[in-house]
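S.K.: Each number in this note's numbering comes from the position in the sequence shown (counting from 1) with 89 added on.
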Amino acid sequence: MLMIANWKMNMSRKEIVAYLDTLAGEDRWGVWNEREIRLVLCPPFPYLDLLRKECVRRDLPFGIMAQNMAAFDTGPFTGEVSAGMLRDVAAEGVLLGHSERRQYFGETDADVTRKIERALAFGLVPVVCFGETQEERDRGDASVVWSRQIAPVWEAVGRDRAEGRATPVFWAYEPVWAIGTGRAAGLADVREVSRHLRKTFGKECARGLLYGGSVNAESVTSLFEKETVRGFLVGGAFLDARTVLCIFDRLFGRES
Ligand code: PGA
Numbered sequence: 090m091l092m093i094a095n096w097k098m099n100m101s102r103k104e105i106v107a108y109l110d111t112l113a114g115e116d117r118w119g120v121w122n123e124r125e126i127r128l129v130l131c132p133p134f135p136y137l138d139l140l141r142k143e144c145v146r147r148d149l150p151f152g153i154m155a156q157n158m159a160a161f162d163t164g165p166f167t168g169e170v171s172a173g174m175l176r177d178v179a180a181e182g183v184l185l186g187h188s189e190r191r192q193y194f195g196e197t198d199a200d201v202t203r204k205i206e207r208a209l210a211f212g213l214v215p216v217v218c219f220g221e222t223q224e225e226r227d228r229g230d231a232s233v234v235w236s237r238q239i240a241p242v243w244e245a246v247g248r249d250r251a252e253g254r255a256t257p258v259f260w261a262y263e264p265v266w267a268i269g270t271g272r273a274a275g276l277a278d279v280r281e282v283s284r285h286l287r288k289t290f291g292k293e294c295a296r297g298l299l300y301g302g303s304v305n306a307e308s309v310t311s312l313f314e315k316e317t318v319r320g321f322l323v324g325g326a327f328l329d330a331r332t333v334l335c336i337f338d339r340l341f342g343r344e345s
């Protein structure tokens, strides 16, 4: 299980230290990790290295991923951060194609495809976000949108596999109408996405399915079905370390 915290453009150095101090008060991380239940934190770029060092200092076995990256490896791209740079600060993966990137920064499926090519070339684990808007859902076009967003990216994964690499790839179903709205999708919706991925792209693709969008301590229990999802991408709720602990306790229990 992969429990990913997407902090978006939140948190300060001081808040990150306090967050880790709260999590460090829990002694089950080693046990959870052995059971392959992992917490992955996605801070803004400037805090990647700080977060890594602070986790190491407290012996916290968390994964660290970036929220975005450039489609190019190096050169005159002011303000961009490359896959190689992310590797350099020990990020293990990267979120790609989040709907906020698509909506506010004009990211296209072609951009996401170029980015995943670079991410895979550098061995970064990509978490590709996809999902329909309310309007697309109302029109009955949801599955068309899923396929359109995933198809070119899945092809890029195929090209990477053909080169002999086998970096895992995750797909976060994040319906735009569920992000930050308090209205999470239901298990039936997520099962439908899983079926669609299996049917259209095959079992391996469906095996990497995550869910994101208004996941909190209440909604998470009803969405937790191991055969369907490999984990969750959590925004607002995981800005609070106590909610992280509450959700881990609720889902994964105290037993070893
Ligand atoms: P949310 O955000 O959990 O606050 O809805 C999820 C996301 O955008 O990744």
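Quick reminder that beta carbons are idealized off the backbone N, C-alpha and C, glycines included.
Here the structure is a predicted model, which is why all the values come from computation and not from measurement.
At a cut-off of 6 Å, is G268 close to the ligand PGA when judged by its beta-carbon and the heavy atoms of the ligand?
M.R.: Translated into the one-based positions of the sequence shown, residue 268 becomes position 179. Before going further, note that residue 268 is Ile rather than Gly in the sequence given. Result yes, Cβ under 6 Å from the ligand PGA.
S.K.: Starting from I105 and walking both ways along the alpha helix (DSSP H), at which residues does that stretch end?
M.R.: In the sequence shown, the residue the question calls residue 105 occupies position 16. I105 -> alpha helix (DSSP H) spans R102 to A113.
S.K.: Going straight from the alpha carbon of E316 to that of T289, what length do you get?
M.R.: As a working note, residue 316 is residue 227 in the sequence shown. As a working note, residue 289 is residue 200 in the sequence shown. In a straight line, the C-alpha of E316 is about 18 Å away from that of T289.
S.K.: Take V183 as the anchor and find which of A208, E196, R339 and T202 has the nearest alpha-carbon.
M.R.: Within the sequence shown, numbered from 1, the residue matching residue 183 stands at position 94. When only C-alpha atoms are compared, the closest one is A208.
S.K.: Am I right that A330 and Y136 are in contact with their C-beta atoms under 8 Å? What's the rounded C-beta distance?
M.R.: Numbered from 1 along the sequence shown, position 241 holds the residue referred to as residue 330. Numbered from 1 along the sequence shown, position 47 holds the residue referred to as residue 136. Not quite, the Cβ-Cβ distance comes to about 15 Å (not below 8 Å), so this is no contact.
S.K.: Helix, strand or coil, according to DSSP, for R272 in the structure here?
M.R.: Numbered from 1 along the sequence shown, position 183 holds the residue referred to as residue 272. Looking at R272 - three-state DSSP - the assignment turns out to be coil, as it is neither helix nor strand.
S.K.: Beta-carbon within less than 6 Å of C144's beta-carbon, same chain only, minus the 5 sequence neighbours each way: which residues are those?
M.R.: Residue numbering aside, residue 144 sits at position 55 when the sequence shown is read from its first letter. F151.
S.K.: What's the gap between the Cα of T111 and the Cα of L340?
M.R.: Numbered from 1 along the sequence shown, position 22 holds the residue referred to as residue 111. Numbered from 1 along the sequence shown, position 251 holds the residue referred to as residue 340. Computed Cα separation, rounded: 19 Å.
S.K.: DSSP state of V246, grouped into three classes?
M.R.: By one-based count along the sequence shown, residue 246 stands at place 157. Correct three-state label for V246: helix.
S.K.: Does A261 pass the burial test, meaning 16 or more other C-beta atoms within 10 Å, or should it be called exposed?
M.R.: Position 172 of the sequence shown, counting from 1, holds the residue named residue 261. By the 10 Å Cβ count, A261 comes out buried.
S.K.: Buried or exposed: which applies to T202, given that a residue is buried once 16 or more other Cβ atoms fall within 10 Å of its Cβ?
M.R.: Residue mapping note: residue 202 aligns to position 113 of the sequence shown, counting from 1. With 16 or more Cβ atoms within 10 Å of its Cβ, T202 is classed as buried.
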